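As structure tokens, the structure follows; a few thoughts come after it.
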Amino acid sequence: MSDSAAGPSIKVWGWTLSVFLLVTYLICVAFGLAVPGRFHMHEAWAPLLPGFEWLTPVGFAAGAIGSFLYGWYIAVIAVPLYKFFSKRGA
0 MSDSAAGPSI KVWGWTLSVF LLVTYLICVA FGLAVPGRFH MHEAWAPLLP
50 GFEWLTPVGF AAGAIGSFLY GWYIAVIAVP LYKFFSKRGA
């Protein structure tokens, strides 16, 4: 049985969500550097990403790593839940 026949894969969704959240984070940081301070998004990221500080190398790395790990966290929780509920509903 192939992975596509078995339903969603944690590995595929982990990479998909992690890269999506990392790219979103990078876009938000770039946006923050390009626009005036009142439009910055870093206030939204700070409570969600432990260690994130605006415009510090350690804070930037912490935000990038945290964004990437959140993707895997979501995949590890959501894919088994999806499989469980899709079997119960069928």
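Here numbering that gives the first Met the number 0 is used: the first residue of the sequence shown is 0, the next is one more, and so on. All C-beta atoms, glycine included, are put in the ideal place defined by N, C-alpha and C. Computed from a predicted model, the values in this text were never measured in an experiment.
Query: Pick helix, strand or coil for threonine 55, following the three-state DSSP scheme.; Result: coil
Query: DSSP state of serine 34, grouped into three classes?; Result: Here residue 34 turns out to be valine, not serine, going by the sequence shown. Note: valine 34 maps to coil in three-state DSSP.
Query: What is the DSSP secondary structure of proline 7, reduced to helix, strand or coil?; Result: coil
Query: To which residues of the same chain is methionine 0 closer than 8 Å at the C-beta, ignoring the five residues directly before and after it?; Result: At methionine 0, the pLDDT of 41 sits below 50, so the modelled position is not reliable; the number obtained from the coordinates is stated separately. Taken in chain order, the list of residues that qualify is empty.
Query: Suppose the cutoff is 6 Å on Cβ atoms and the five residues either side in sequence are ignored; what does the same chain contact list for phenylalanine 51 look like?; Result: Trp44, Ala45, Gly58, Ala61, Gly62
Query: Pick from Arg87, Pro7, Leu54: whose alpha carbon is nearest that of cysteine 27?; Result: Leu54
Query: Got a sec, what are the start and stop residues for the alpha helix (DSSP H) alanine 43 sits in?; Result: 41-44
Query: Let's test the definition: count the other Cβ atoms within 10 Å of the Cβ of tyrosine 24 and tell me whether it reaches 16, buried, or not, exposed.; Result: buried
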